[in-house]
Each structure stands twice: as structure tokens, then as C-alpha cells.
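*Asks:*
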Amino acid sequence: MILQVLPSVPKNFSLAIVIVLHRRGGESVLTELLTEKTVLPVKEVEEKDEILSGNVYIAPADYHLLIENDRTFSLDYSEKVNYSRPSIDVSFESAAEVYGNKLIGMLLSGANADGTEGLKRIKELGGLVVVQNPSEASVSYMPQQALDDVQVDYVFDTNGIKHFFQKLK
Amino acid sequence: MVKDVEVDILLNDLLERYGYDFTDYAKASLKRRINRLFTLDKFPSFAELRYRVKNDETYLKRFVEEITVNVTEMFRDPSFYKMLRTEVLPVLATYPLIRIWHAGCSTGEEVYSMGILLKEANLLQKSLLYATDLNPDVLERARRGIFPMVNMKQYSENYILSGGTQDFSSYYTAKYDRAKFNTDLTKKMIYATHNLVSDRSFNEFQLILCRNVMIYFDKDLQDKVLTLFDQSIEPLGFLGLGSKETLRFSSVSVNYVQLSKEKIWRKKAHANTNCSSSVAPPVVLK
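Protein sequence lines, in the order shown, are assigned to chains G and L. Residue numbering for the first sequence follows my numbering, starting at 3 and increasing by one per position. Residue numbering for the second sequence follows my numbering, starting at 16 and increasing by one per position.
(1) Can you tell me which of L:106, L:32 and L:276 puts its alpha carbon nearest to the alpha carbon of residue 71 of chain L?
(2) How long is the line joining the alpha carbons of residue 167 of chain G and residue 60 of chain G, rounded to whole angstroms?
(3) Can you tell me whether DSSP reads residue 43 of chain L as helix, strand or coil?
(4) Counting C-beta neighbours from all protein chains within 10 Å, is the total for residue 55 of chain G 16 or more, i.e. buried, or is it exposed?
(5) What residue from L:80, L:99, L:37 and L:25 has the CA that sits closest to residue 64 of chain L's CA?
(6) Ignoring anything shorter than 3 residues or poking outside the stretch 67 to 142 of chain L, list the beta strand (DSSP E) runs there in chain order.
(7) Secondary structure at residue 221 of chain L, three-state DSSP: helix, strand or coil?
(8) Rounding to the nearest angstrom, what Cα-Cα distance links residue 55 of chain L and residue 36 of chain L in this structure?
(9) Please classify residue 9 of chain G: does DSSP put it in a helix, a strand, or coil?
(10) When you measure from the CB of residue 123 of chain G to every non-hydrogen atom of the ligand SAM, does any distance come out below 7 Å?
(11) Starting from the C-beta of residue 79 of chain L, find all residues in its chain whose C-beta is less than 7 Å away, skip the five residues before and the five after it, and write them out in chain order.
(12) If the criterion is Cβ atoms closer than 8 Å, does the pair residue 138 of chain L and residue 113 of chain L meet it?
(13) When you compare the CB of residue 116 of chain G with every CB in chain L, is at least one pair closer than 8 Å?
(14) Counting only beta-carbon separations shorter than 8 Å, does residue 151 of chain G have a partner in chain L?
(15) Would you please state the rounded distance, in angstroms, between the beta carbons of residue 259 of chain L and residue 48 of chain G? I believe it to be under 8 Å.
(16) Among the residues of its own chain, which have a CB less than 7 Å from the CB of residue 155 of chain G, if the five just before and after it don't count?
(17) For residue 47 of chain L, which residues in chain G fall below 9 Å Cβ to Cβ?
(18) Determine which residues of the stretch 257 to 268 of chain L have a Cβ less than 8 Å from any Cβ of chain G, and write them out in chain order.
(19) Report the residue from G:84, G:87, G:135 and G:22 whose alpha carbon sits nearest the alpha carbon of residue 149 of chain G.
(20) What does the alpha-carbon distance come out to for the pair residue 100 of chain G and residue 3 of chain G?
(21) Would you mind stating whether residue 274 of chain L and residue 268 of chain L have Cβ atoms separated by less than 8 Å?
(22) Quick one: what's got a C-beta closer than 7 Å to residue 125 of chain G's C-beta in the same chain, skipping five residues either side?
(23) I want to know whether the stretch 77 to 94 of chain L touches the stretch 173 to 186 of chain L - three or more CB-CB distances under 8 Å.
(24) Grab the span of the beta strand (DSSP E) containing residue 158 of chain G for me, first residue to last.
(25) Just to make sure I have the definition right: I need the residues of chain G whose C-beta is within less than 7 Å of the C-beta of residue 227 of chain L. Which are they?
(26) Put residue 261 of chain L into one of helix, strand or coil per three-state DSSP.
(27) Hey, is the stretch 227 to 244 of chain L in contact with the stretch 189 to 209 of chain L, meaning 3+ C-beta pairs nearer than 8 Å?
(28) Let me know the secondary structure DSSP gives residue 83 of chain G once reduced to three states.
(29) Just mark residue 26 of chain G as buried or exposed, buried being the case when its beta carbon has 16 or more other beta carbons within 10 Å.
(30) When you check each C-beta in the stretch 22 to 49 of chain L against every C-beta of chain G, which residues fall closer than 9 Å?
(31) Who are the near neighbours of residue 52 of chain L in its chain, counting only those whose CB is closer than 6 Å to its CB and skipping five residues on each side?
(32) Between residue 98 of chain G and residue 107 of chain G, what straight-line distance do the alpha-carbon atoms span, to the nearest angstrom?
(33) Counting only beta-carbon atoms, is residue 296 of chain L nearer than 8 Å to chain G?
(34) Between residue 175 of chain L and chain G, is there a C-beta pair that is closer than 8 Å?
(35) Using the beta-carbon of each residue, which ones in chain G are nearer than 7 Å to residue 79 of chain L?
(36) Which residue's Cα is closest to the Cα of residue 39 of chain L: L:108, L:188, L:240 and L:194?
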């Protein structure tokens with residue numbers, strides 16, 4: 003899904019994109035894989051990295067990814083949340099606190115309820131919430147959970163998300 | 016939810032009343048830990064939490080243990096340990112006495128990993144592993160060397176990936192759901208409380224390991240702690256950090272060269288270590 007959408011994100015994109023993915027540890031090929039799919043610079047986060055617009059950031063395996071008030075990343079190796087590290091909830095909630103109504107939270111295909119609480123928090127603090135259409139997602143549980151529990155702004159399929167990115171610029 | 020200003024109030028209380036200084040910790044993680052505890056312990060309001068922290072020393076212990084992160088594992092990032100085996104231990108072997116400092120060791124899993132590496136390199140007899148943490152309770156657990164049996168499968172896999180060739184289970188005795196590590200390892204470990212924020216250098220070492228501790232510090236505090244390490248590492252000694260940490264932006268980085276891709280740096284022979292400023296020269300315990 004991310005691989006399909008990323009190529010349609012235009013050059014000079016004015017937002018920073020942060021990707022939090024449940025995955026097994028180890029040096030991953032994910033960064034290289036995504037780099038091939040986009041004109042934007044892609045980087046796996048190191049702690050204290052500054053968040054710059056027009057960049058794609060990937061949460062490293064086995065750390066929670068948080069955002070500080072000064073718009074830098076911090077990493078956290080604490081207990082798993084929703085059996086996951088990185089946890090999507092942790093990143094969503096932390097980003098919501100910092101970016102408020104300038105944040106878009108997008109929840110895609112996935113196999114557990116991680117992300118739902120975080121989307122709620124984004125919504126509470128004035129952000130925009132987008133969920134992938136569960137009927138199209140390769141694993142529907144995660145987006146379905148969000149739809150059941152959160153007042154989402156948009157439900158999109160892959161094409162919808164592509165258009166959405168193009169309009170955002 | 017506990018707000019940013021309330022976090023600052025709590026941190027100020029901790030400093031004034033107990034001397035625990037968390038004010039230069041990275042706020043996002045700290046705030047999340049405090050909120051987690053606030054929910055877990057079902058406080059009706061921030062005022063109640065504050066009162067409890069200020070007036071109940073038993074609760075204070077829980078508070079400090081919970082807002083600091085004490086999650087750790089044995090042979091975490093096996094490739095890091097592999098590099099210690101192949102590149103660092105052969106150098107340490109040339110010293111008559113090997114001194115290693117695990118700074119922020121928490122419950123000691125990494126100290127035991129190191130003990131095993133040294134034993135397999137036949138260096139344990141002439142080594143001392145200094146292991147420190149700000150929290151006396153986790154140190155007590157580390158000293159006992161008893162870890163949950165359920166983690167041993169993962170640790171054993173990590174151990175093999177790190178280049179271990181022995182039977183990992185030969186390093187502990189299993190009893191019920193616990194694994195007690197052999198005392199020949201523990202005998203070489205010296206556990207003591209040490210606060211990286213407020214305490215000074217206390218010895219000189221050929222290797223300092225501080226992995227995934229400074230990720231919870233802000234940049235200024237990181238720099239301060241790295242200076243402390245720099246003052247405590249002998250020329251040509253080593254420093255090991257966590258897999259997403261770096262020396263690159265710190266003022267001491269000019270004194271170090273990174274070993275390939277792993278997060279291990281070697282101090283240059285003629286490093287320019289600044290021992291003046293507010294930190295006293297290290298006391299060398301021999």
C-alpha cells in the first residue's frame with residue numbers, strides 16, 4: 003500500500019511524512035525499498051533527528067518513535083504497546099501533542115488495534131484523520147477497528163489516498 | 016492527562032525534595048511515562064499525584080522506577096556483540112587488568128552478556144565490570160543475577176547470532192520459571208549507584224558501554240554525559256552506544272573514530288580531553 007501511494011507524492015511536498023510500520027527487527031531493506039519509490043529523501047530515524055518538510059521518515063524497528071516540542075524525533079525503548087514496538091498509538095499521540103491541527107493521521111492495513119487510540123487523540127487536538135477502506139486493505143482489522151471507534155474524516159481506497167496526496171502538495 | 020507545565024512542576028519537586036534531576040530529560044518520553052503511571056495508578060487529579068510523590072517515599076521509588084525505562088535484554092543487537100568479540104576484546108586482552116563500565120545498566124542483562132563474552136575469551140579472570148544505575152532497586156536485581164526463564168529462548172538466539180558457540184543454558188541454572196546465572200560471572204561485577212546527571216567520573220576504563228540510556232536525555236545533557244565518558248576512557252579505549260545513537264554531533268567526537276558500521280568508537284591515542292570546567296579529574300581506584 004505504502005509502496006503504491008508513495009510514488010504519487012509530488013516533489014517539493016510541503017509536509018514531512020512519518021511512517022510507522024510493525025515489523026521484525028534487524029537492519030531492514032525497507033529504507034532502500036521506499037527510496038526507489040519516491041523522489042523525496044527517505045531516512046530511517048536516528049534519535050534527535052530534526053523533522054524537515056518534504057522528507058520521508060521511517061520509525062526504526064524495535065523503538066517507539068516520539069516527537070519533541072522542538073520538532074525533533076526521540077526514541078524510546080520501553081515496553082511494547084499493543085504488542086508492538088514501534089507502536090502507532092505512541093507516535094500518533096506524541097505527534098498530536100506537538101502538531102495539533104496541522105497533523106494528518108492516516109491508518110492503513112494492519113493486524114491489531116494499534117493506532118485507534120492515537121487517531122482519537124489526533125482528532126481531539128484538531129488534526130485530520132484518514133483511514134484506508136477496510137474492504138480494500140490486505141488486513142482489514144486495524145482500519146476497521148478505527149472506523150468502529152473514531153470519528154474519521156475520510157475513508158479512502160488506494161486511489162483516493164493518491165489523489166489526497168496530490169491535492170495536499 | 017498530565018500537561019507539559021505539570022510535568023515541569025513534578026520534575027521540580029523531584030529535584031528540590033529528593034535531588035533527582037530529570038529536568039534535562041527528553042520531554043516527550045518522560046511525559047508519556049508520567050501519563051502512563053497516572054492512568055495505571057488511577058489518580059483522580061494531578062494534585063493527588065503530586066502530593067503522593069512529594070509525601071510518600073515508597074511511592075517515590077515506584078515513580079522513579081516507572082518513569083525511567085528499565086527494559087533491556089541479553090545480547091541485544093547481536094552484530095554489536097560480534098564486533099566486541101572480534102575487534103574490541105583482542106585489544107583489551109593486551110591489558111593486565113581490564114576495566115569496563117556499564118553506565119545505566121538497569122537490571123544487568125547487558126553486564127551478564129559482557130561477562131559471558133569475557134569468559135569465552137578467557138579474559139574474565141582479569142576483568143572488572145563496573146555497573147551503575149541511578150536506581151538502587153534495579154541494581155539489587157542485577158546483583159542477584161536471576162532472570163525470567165521465558166526470555167532465555169530469545170537470549171539464546173541472540174547469543175548464537177553474536178558468535179557464541181557454547182550451549183547458552185550452561186551459563187545458568189533453571190529453577191521453576193527463573194534462570195540464575197553462574198556466580199563466576201557475578202563475582203567480577205561491581206554494582207553501585209551512580210547518577211549520570213549529577214555524579215562525576217570515578218575511574219578510568221578501556222571500555223564504556225551506555226546503550227539506549229542517552230536517548231532519554233536532551234542534547235545538552237547528552238553532551239555533558241559524553242564529556243564525562245570522554246574523561247573516563249583511556250586513550251585507545253572504546254565507547255559503545257545503542258543502535259540509533261551517535262557521537263557525531265557532540266563536542267567530544269573529534270577524539271574518536273568509529274569502527275565500521277557498528278556503534279562502537281575508539282578513542283584516539285592523543286585525544287584532547289578537557290578535564291577543567293566543573294568536573295574534577297577522575298579518581299583512579301586500583
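Backbone N, C-alpha and C fix where the C-beta goes; we use that ideal spot for every residue, glycine too.
*Replies:* According to the data block:
(1) Residue mapping note: residue 71 of chain L aligns to position 56 of the second sequence, counting from 1. Checked all of L:106, L:32 and L:276; the closest Cα to residue 71 of chain L is L:32.
(2) Mapped onto the first sequence, residue 167 of chain G falls at position 165. Mapped onto the first sequence, residue 60 of chain G falls at position 58. Using only the alpha carbons, I get a separation of about 18 Å.
(3) For the purposes of this step, residue 43 of chain L is taken as the residue at position 28 of the second sequence. Three-state DSSP puts residue 43 of chain L in a helix.
(4) Your numbering for residue 55 of chain G matches position 53 in the first sequence. When all chains shown are included, residue 55 of chain G counts as exposed.
(5) The residue given as residue 64 of chain L occupies position 49 in the second sequence. Among L:80, L:99, L:37 and L:25, the Cα nearest to that of residue 64 of chain L is on L:25.
(6) 113 to 118
(7) Walking along the second sequence from the start, residue 221 of chain L turns up at place 206. Strand, per DSSP.
(8) Within the second sequence, numbered from 1, the residue matching residue 55 of chain L stands at position 40. Within the second sequence, numbered from 1, the residue matching residue 36 of chain L stands at position 21. The straight-line gap from Cα to Cα measures roughly 23 Å.
(9) Residue mapping note: residue 9 of chain G aligns to position 7 of the first sequence, counting from 1. Helix at residue 9 of chain G.
(10) In terms of ligand content, the structure shown is empty, and the ligand SAM therefore cannot be addressed.
(11) The residue labelled residue 79 of chain L in the question sits at position 64 within the second sequence. Contacts found: 35 and 150.
(12) The sequence position of residue 138 of chain L within the second sequence is 123, counting from 1. The sequence position of residue 113 of chain L within the second sequence is 98, counting from 1. Yes.
(13) The sequence position of residue 116 of chain G within the first sequence is 114, counting from 1. For residue 116 of chain G, the answer is no, since every Cβ of chain L falls outside 8 Å of its Cβ.
(14) Position 149 of the first sequence, counting from 1, holds the residue named residue 151 of chain G. No, residue 151 of chain G lies away from the interface with chain L (no Cβ there is under 8 Å from its Cβ).
(15) For the purposes of this step, residue 259 of chain L is taken as the residue at position 244 of the second sequence. For the purposes of this step, residue 48 of chain G is taken as the residue at position 46 of the first sequence. Residue 259 of chain L to residue 48 of chain G, Cβ: 5 Å. Contact.
(16) As a first step, residue 155 of chain G is located in the first sequence; it is residue number 153 there, counting from the start. If we look at residue 155 of chain G and ignore the five residues flanking it on each side, its Cβ neighbours are 130, 131 and 132.
(17) Mapped onto the second sequence, residue 47 of chain L falls at position 32. Ordered by position in chain G, the residues that pass the 9 Å Cβ test against residue 47 of chain L are 66, 68, 78, 80, 92, 95 and 96.
(18) 257, 258, 259, 260, 261 and 264
(19) Your numbering for residue 149 of chain G matches position 147 in the first sequence. With distances taken between Cα atoms, residue 149 of chain G lies closest to G:135.
(20) Position 98 of the first sequence holds residue 100 of chain G. Position 1 of the first sequence holds residue 3 of chain G. Distance between the alpha carbons of residue 100 of chain G and residue 3 of chain G: 27 Å.
(21) Looking up residue 274 of chain L in the second sequence gives position 259. Looking up residue 268 of chain L in the second sequence gives position 253. For residue 274 of chain L and residue 268 of chain L, no; Cβs fall outside 8 Å.
(22) If you number the first sequence from 1, residue 125 of chain G lands on position 123. These residues qualify, in order along the chain: 131, 152 and 153.
(23) yes
(24) Within the first sequence, residue 158 of chain G is the residue found at index 156, counting from 1. Per DSSP, residue 158 of chain G belongs to the beta strand (DSSP E) from 156 to 158.
(25) Within the second sequence, the letter at position 212 stands for residue 227 of chain L. Neighbours of residue 227 of chain L on chain G, chain order: 79.
(26) As a first step, residue 261 of chain L must be located in the second sequence, where it is residue number 246. Looking at residue 261 of chain L - three-state DSSP - the assignment turns out to be coil, as it is neither helix nor strand.
(27) no
(28) In the first sequence, counting from the first residue as 1, residue 83 of chain G sits at position 81. In this structure, residue 83 of chain G counts as strand in the three-state DSSP scheme.
(29) Mapped onto the first sequence, residue 26 of chain G falls at position 24. When all chains shown are included, residue 26 of chain G counts as exposed.
(30) 41, 42, 43, 44, 46, 47 and 48
(31) Sequence index remark: in the second sequence, residue 52 of chain L carries index 37 (1-based). Contacts found: 81.
(32) Here residue 98 of chain G refers to the residue found at position 96 of the first sequence. Here residue 107 of chain G refers to the residue found at position 105 of the first sequence. If I take the Cα positions, the gap works out to 9 Å.
(33) The residue you call residue 296 of chain L lines up with position 281 of the second sequence. With a pLDDT of 48 at residue 296 of chain L, under the threshold of 50, the predicted position of this residue should be treated as unreliable, and no value is reported.
(34) Counting from 1 along the second sequence, the entry for residue 175 of chain L is found at position 160. Not an interface residue.
(35) Taking the second sequence and counting its residues from 1, the one referred to as residue 79 of chain L is at position 64. Simply none; closest approach about 14 Å.
(36) As a working mapping, residue 39 of chain L is identified with position 24 in the second sequence. Closest option to residue 39 of chain L, Cα to Cα, is L:240.
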